[in-house]
Amino acid sequence: MIDQRQKAGVREWGALAVLMLPVLLVSVNNTALSFALPAISKALHPTASQLLWIVDVYPLILAALLVPMGSLGDRIGRRKMLMIGSTGFGVISALAAFAPTAGWLVAARVGIAVFGSMLLPATLSVMRTVFRDDHERRLAIAIWTAGFSAGAALGPIAGGFLLNHFWWGSVFLLAVPVLVAFLIAAPLLLPESRDPNPGAVDPVSIVLAVLTMAPVVYGIKSLATGGSALQGLLVMAFGVLCGLLFARRQVAKDYPMLDLRFFRSSRFSGGVTVNVMANFALFGFLFFLTQHLQLIGGKDPMSAGLLMVPGLLLAIVAGLAAAKLAVLFGVRATVVAGLVLIAGGFLIVGFTDQESSAVPVLTGFAVMSAGAGLATTLSTDLVVSSVPEAKTGAASAVSETGYEVGAVLGTALLGGLTTAFYQSHLDLPQALGPAQNDAAHQTLGGAVDVAQGTPWAESVMDSATAAFSAGMQGSSLLGGLTILVVAVVMIRVLRADRKVRFHEPLPTDRIEIN
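The opening position of the sequence shown corresponds to residue 87 in our numbering, with each subsequent residue numbered one higher.
Printed below as a string of structure tokens:
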């Protein structure tokens, strides 16, 4: 029997409601920004490179700082990190709303990423402290995961509304009232917690962590966007080298910033892997879904966002159901089922025709979203619950880094494959000039622009639609098979779940932490 004193009361569930504020905010902020890019382009006249950095600098800095900030939160206090991060996020967001130039906006996005990296690991760490009962913690993490999906669903709607009535900067001002409410409520409801034996802050490890993640993420993005292959590979190689130096330093220290022995736990390593692959699938899928809805289906951004809401709601429902399903069938079976659903979403698109209807791709998105809700809810809890409570900040940061790396890989690999299929299958009218032909071959958006300016619009669009559909099918088949392989691997990696149920503590000898 669970000690009833461990059960959460009104104060604990109120603390969860407070913790959801920054989670929803970060998710809404990211999706709303993508819809503001056309207005930003008209108002600030950024170069192509600046426009790219307005979007990309946030995940780049975020991925680089999650582990250092998670570890720092363990040392100085997680509530303190939340308060600092929320204050900075709100102030910089307000400044970003009134950025006079594109360069200022890029700099503001860097600042938002720095303070944003303080928020997400700390929210998971505080939840581990607040919810002592493993069943309730699992439900809390399901709600936390659902918050991301809810934010992603609200982003296009809120962003579309604001952009229809106000200027582009209004999407950044969304942060201010939410964070003011958080700063008032957090000291009243959130307990402070920290590592009782943290050791000294290690600046060298922080620098090495940043020099590991930032170059790797940048290199992948560079390769995905048609940059120099040699430059991208060299940058990634530098990041890998720094990662090896980081790992060597952590092993040698008595109080490492990230204890690499965490990865000896099958639950920890398996949970991180599932987080990476679920986001690899989801963001790779979103690469072609958003283009299909807007460029082929002719939907405006807000309408496209509304069409995605049913799938995102399924992710929320599945995430909340994961807690009960894990009790009934075990964590391993539920995680594997989630991965199979993700693969199923890919395969629906891989074996159907999307040229004349968006129904197959939206159905695939809904099935994939349900699978992601199941898998990531439980995988996140596996990561958080498999390490000592004092180290949950660093562990949560690894989980969040997995999300970011998976998102980058999905866009780069599956997005790149979709583009490659599109380019190889595109068959344009011979009457088009070289410049038009080249523009249409670059992207589906380029083909749409070319079609609008020629008398062969129908022929160009038919060919572009068929080629893009081929790209969607090819990348979906590969994505589906990849996720099925991961599901099979997870059956073996999470085999300990047969002996150690989700609600039981992991034996300390599986982690080997003193």
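Ideal placement from N, C-alpha and C gives every residue a C-beta, glycine not left out.
Problem set entry | Same chain only: Cβ atoms within 6 Å of residue 96, ignoring 5 sequence neighbours per side | none
For this session: Count the other C-beta atoms from every protein chain shown that fall within 10 angstroms of the C-beta of residue 420, then say buried if there are 16 or more, exposed otherwise.
Result: buried
Exercise. Counting pairs of beta carbons, one from the segment 499-513 and one from the segment 550-566, are three or more of them closer than 8 Å?
Worked result: yes
Exercise. First and last residue of the alpha helix (DSSP H) that includes residue 508?
Worked result: 501-511
Exercise. Can you tell which of 485, 104, 231 has its C-alpha closest to the C-alpha of residue 264?
Worked result: 104
Problem set entry | CA-to-CA distance, residue 297 to residue 207, given in whole angstroms | 20 Å
Problem set entry | Segments assigned beta strand (DSSP E), at least 3 residues, entirely inside the segment 393-445 | none
For this session: Look up residue 586 in the DSSP assignment and say whether it is helix, strand or coil.
Result: Its pLDDT being 35, under 50, residue 586 is placed unreliably by the model, and the measurement read from it follows with that caveat. Residue 586: coil per DSSP, three-state reduction.
Problem set entry | Own chain, CB closer than 7 Å to residue 583, minus 5 neighbours either side, in chain order | The pLDDT assigned to residue 583 is 45, lower than 50, so where the model puts this residue is not dependable, and the model offers no usable value.
Exercise. What distance in whole Å lies between the Cβ atoms of residue 108 and residue 33, which are believed to be in contact at a cut-off of 8 Å?
Worked result: Limits of the chain in this structure are 87 at one end and 600 at the other, which puts residue 33 out of reach.
Exercise. Can you tell me whether residue 252 is buried or exposed, with buried defined as 16 or more other CB within 10 angstroms of its CB?
Worked result: exposed
Exercise. What's the C-alpha gap between residue 131 and residue 189?
Worked result: 10 Å
Problem set entry | CB of residue 434 within 7 Å of CB of residue 450, strictly | yes
Exercise. For residue 156, which of 127, 343, 113 has the nearest alpha-carbon?
Worked result: 343
Problem set entry | The alpha helix (DSSP H) enclosing residue 562, as first and last residue numbers | 543-579
Exercise. Taking the alpha-carbon positions, what's the residue 473 to residue 371 distance?
Worked result: 32 Å
Exercise. Whose C-alpha, out of 459, 354, 425, is nearest the C-alpha of residue 397?
Worked result: 459
Exercise. Shortest alpha-carbon distance to residue 308 belongs to which of 495, 531, 201?
Worked result: 495
For this session: Specify the secondary structure class of residue 486 as computed by DSSP and reduced to three states.
Result: helix
Exercise. Residue 93 by DSSP, collapsed to three states: which one?
Worked result: coil
Problem set entry | Own chain, CB closer than 6 Å to residue 409, minus 5 neighbours either side, in chain order | 224, 225, 228
Exercise. Excluding five sequence neighbours on each side, which residues of the same chain lie with their C-beta closer than 7 Å to the C-beta of residue 423?
Worked result: 460
For this session: Within the same chain, show all residues whose beta-carbon is closer than 8 Å to that of residue 518, passing over the 5 residues directly before and after it, in chain order.
Result: 526, 536, 540, 542, 546
Problem set entry | residue 399 versus residue 306: straight-line alpha-carbon distance, rounded | 31 Å
Exercise. Contact check, residue 550 vs residue 530 under 8 Å by CB: the rounded distance?
Worked result: 6 Å
Exercise. What did DSSP end up calling residue 101 once you bin it into helix, strand or coil?
Worked result: helix
Problem set entry | Cβ-Cβ separation, residue 126 to residue 192 (assumed contact under 8 Å), whole Å | Not really, about 11 Å apart at Cβ, beyond 8 Å.
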